[in-house]
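Residue numbers (my numbering), protein chains in the order written: chain A, 4 to 58; chain B, -1 to 313; chain C, 1239 to 1590. Ideal Cβ positions, reconstructed from N, Cα and C, are used throughout, including at glycine. Following: one structure in structure tokens, then a few remarks.
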Amino acid sequence: MNLMEHMGIEPGRLQFSWISSAESTKFVDVVKTVTASVKALGPNTTYNKQAVKVA
Amino acid sequence: MSGYQDKIKEVALRLLKDGSVDMVIGFRKGTLPMMNEPCFIRRPEDVHQLVWDSNCGINLANYLTDRKEKIAVVAKGCDSRNIVTHIIENKIKRENLHIIGVPCQGMVDKRRIISEFGDTLLDVADDGENLKIKIHGSEKSLKKTDVLQSNCAACIHRNPVLFDELAGELVPEQAGVDRYAEVNRVEAMSPQEKWQYFEDLLSPCIRCYACRNACPLCYCPTCFVDESRPQWVGKSQDPIDIRTFHFLRAYHCAGRCTDCGACERACPVGIKVRQFTSKLNKDAFEMFGWEAGMTLDERPPLDTYKPNDPNDFIK
Amino acid sequence: MKVFTIDKKEWALGIEKAKSAYQVLGPVKEKEWHCFKALGKDEQPDMTYTNTRLSPKFLVQPQTEPMFTYTLDESRPDHHILKEVQEDVCPKAVIGIRPCDAAAFLLVKRNFDAPQYQDPYWLKAYNSMTFVGLACNDPCPTCFCTSAGCGPFHEAGLDVLLVDSGDRFLAKSLTDKGIALLAAAGWNSLADDAGKIEAMKQAAESRIASRISTDRLKAKETTHIYDAPFWEDTAFSCINCGTCTYSCPTCWCFDIQDENRGNTGVRLRNWDSCMFPLFTMHGTGHNPRGAKMQRVRQRFMHKLKYYVDKYDNGIQCVGCGRCIRLCPVNIDIRKVCNQMNDYDPAACVCPA
């Protein structure tokens, strides 16, 4: 994750969580926080290959 | 320098004559200024070819894997750390190696000299302290410590960490060098600036994979960029695919890279490819106190679990 | 064939004039090294350069070239049809290309413009170009063009040869295309000292000290060289990167890939290299050139033996020296070529 952010991926776009199958409430909370933080960042315009780009 | 060379020859001759090794892997004089070629010597009468000077930047640990012979290898500090890494990763057996350790005072950054003097460079002589550069009709002397590869200038492990015998007296290690100056500079940038920094850095890449192939760590039978079922990465000159190759390659070196600089040295278009691995080296050091290849007695942090491993990235 | 004189003070104006009829490309310095680029208004080619870092073959054969596009979207009338990507075939003037790099296109042309098959992408691009060469007054120490069928003032493959003569260029028109370009640039004063070129040519040639021998390659038995013991030693240091092939002006190998996103896609032609294991990997998983030594041998055998045998027109190398300068481990084609040329299986005493 550090290297991803180091090369310019905004903090918050990539997140890691460890959730047990028994932790349903944690799962819901994490999904809510992650979607909120990614929505706040807006669409990923950098590390996103729409179509091949050649010089 | 020539003292090292004589000693390397002497040891190589002895080992080949008494049959304790089948081959010696070292360097022979190249056909261009500032270029020596990795070579193997099997016969005592060929030992005279071996050379040592400040143009031996290629990492010889790269030539040790998948061989059946008993090998003597010439190893400077970083090479010896990659040998340790190979042994830890079961790529080579310690008992099949005879390591001729060379305390190192840094390798010359040939790219810097070529970009300053051009392709018309005729000869570069190394007297240990200085480089004498010969171009058409003139000569210039440079202090060697001013033109070292950037990884060598910031190296704190010049002496081999694992060896059977030494080609010279151990050298004092450098203190007070800033190994992560460039990483720190990039870390201070905004995400957009960081993205742009790597965009510029990688713009000349031609995907020749010299960086990957010069690296002793890259020994996968099939690299992920060469997989076709599934194909992980596009194979064109698309900048996203080029970036994916570079940072994924770096990830595979996390906690293993010795910052030998072979990748950067090999790059035909002068990309500072160490900018990816340096960040991982810094993280490995700050998070796990780890420097790759320093000892045979400890497992690397990424293949072992410790209760106090930092895990604040998991939310 | 006529020789014109171009005062360097009028040079920039001529280049600007040519831009109205051509897209003008020339060497410009980017970061540390020179590269061919399309020149915008008031941008000038750097005619003091030594040579470009990589060869200009990409002008005709880009590293990635879109060939076709397609869509599977059935609401579109052209669904399931491969549509050719239209190349930009406007007239282009390549100013300042070195004679070796222009000659290299002719060697490559034998492959892309064969009697039986013609490659439309390559030919359209090539034919759109007018090559204005810049003779080498100061060759590099790694140049060995004179013994590789080429030379610092070599004319084959060029439309105009420029010779830098201090405060002016001498411009030798070699083809109709060349004459048209000189006219478009308004360079029309005839030189009264055209004879000077021959003396400068000889001086430049005499400066090239580096040579290879190729005279016996053709007569050699292919299998003898193929089985020669020196390949193990030659290939040992090779790291199997593609630097030599990608920097080479005469290496032409490619790979074709489809890239899809959703139900549309593009078919691409990318450079490929005989140095890579994947290059010869069969669908069965078998690889006829699975070992590094086999791949190194292939590169040299192709350039210096198979090509010689197939076309009977010299080696597939113009002596530009890029692979020598850029090889990370110093594998030197001059040394390998001489080894192949000198190899005598009867005289070989293999180490026990």
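For Leu1292 of chain C, the closest Cβ of chain A is not nearer than 8 Å. Fewer than three Cβ pairs drawn from the region 1486 to 1500 of chain C and the region 1456 to 1476 of chain C lie within less than 8 Å of each other, which leaves the two stretches out of contact.
Rounded to whole angstroms, the gap between the alpha carbons of Asn1579 of chain C and Val267 of chain B is 32 Å.
Boundaries of the beta strand (DSSP E) harbouring Lys1330 of chain C: 1330 to 1335, taken from the DSSP string.
Beta-carbon to beta-carbon, Ser1258 of chain C and Pro1487 of chain C are separated by about 30 Å, too far to satisfy the 8 Å threshold.
Its Cα nearest to that of Val106 of chain B, the residue B:Lys130 stands out among B:Tyr2, B:Ile85, B:Lys130. Runs of beta strand (DSSP E) with 3 or more residues, each lying fully within the region 167 to 214 of chain B, are absent.
In the three-state reduction of the DSSP assignment, Arg1291 of chain C falls in the coil class, being assigned neither a helical nor a strand state. Rounded to the nearest whole angstrom, the C-alpha separation of Cys1476 of chain C and Met1531 of chain C is 8 Å. Not a single C-beta of chain C is nearer than 8 Å to the C-beta of Met285 of chain B. Straight-line measurement puts the Cα of Asn1568 of chain C at about 29 Å from the Cα of Asp1284 of chain C.
Leu1428 of chain C counts as exposed, since fewer than 16 other beta carbons sit within 10 angstroms of its beta carbon. DSSP lists C:Arg1406 as the beta-bridge partner residues of Ser1403 of chain C.
Here DSSP, grouped into helix, strand and coil, assigns Ser24 of chain A to coil. The Cβ of Thr1481 of chain C sits closer than 8 Å to at least one Cβ of chain B.
Selection B:Arg12, B:Ile98, B:Asp125, B:Glu43 evaluated against Met32 of chain B yields B:Asp125 as nearest (Cα-Cα). Closest in C-alpha terms to Ile112 of chain B, from the list B:Phe38, B:Met187, B:Val122, comes B:Val122. With a contact defined as Cβ atoms closer than 8 Å, Cys261 of chain B and Val271 of chain B qualify at about 5 Å. Under DSSP, Thr1307 of chain C forms a beta bridge with C:Lys1321, C:Val1504. CA-to-CA, the gap between Asn1289 of chain C and Asn34 of chain B works out to about 24 Å. Contact between Val19 of chain B and Ala70 of chain B holds, with the beta-carbon distance rounding to 4 Å and staying under 8 Å. One thing to note: Leu1396 of chain C has its Cβ within 8 Å of the Cβ of Pro1337 of chain C. Taking a contact to require three or more Cβ pairs closer than 8 Å, the region 288 to 306 of chain B and the region 15 to 30 of chain A do not qualify as touching.
Within the region 101 to 147 of chain B, the alpha helix (DSSP H) runs of at least 4 residues that lie entirely inside it are, in chain order, 108 to 115. Phe25 of chain B has its alpha-carbon roughly 34 Å from the corresponding atom of Lys1295 of chain C.
Contact annotation, Pro237 of chain B with Lys29 of chain A: C-beta distance approximately 38 Å; criterion of less than 8 Å not satisfied.
Annotation: Leu1297 of chain C is outside any beta strand (DSSP E) and is labelled neither H nor E by DSSP. Following the DSSP letters along the chain, one finds Gly1264 of chain C inside the beta strand (DSSP E) bounded by residues 1261 to 1268. Straight through space, the alpha carbons of Ala1331 of chain C and Tyr1260 of chain C are spaced by roughly 6 Å. A distance below 7 Å between beta-carbons, with the five flanking residues on each side excluded, links Asn1375 of chain C to the following residues of its chain, in chain order: Asp1402, Met1438, Ala1442. Under the DSSP assignment, His96 of chain B falls in the beta strand (DSSP E) whose first and last residues are 95 to 99. Cα atoms of Ser234 of chain B and Tyr249 of chain B: separation of roughly 21 Å, rounded to the nearest angstrom. Taking 8 Å as the cut-off, the Cβ atoms of Trp193 of chain B and Met7 of chain A do not count as close. Under a criterion of Cβ atoms nearer than 9 Å, no residue of chain C is adjacent to Ala59 of chain B; the nearest Cβ is some 12 Å distant. Out of C:Asn1501, C:Arg1527, C:Thr1522, C:Cys1561, the CA that lies nearest to the CA of Thr1309 of chain C is found in C:Asn1501. Counting only the Cα atoms, Ala1432 of chain C lies some 16 Å from Gly1371 of chain C.
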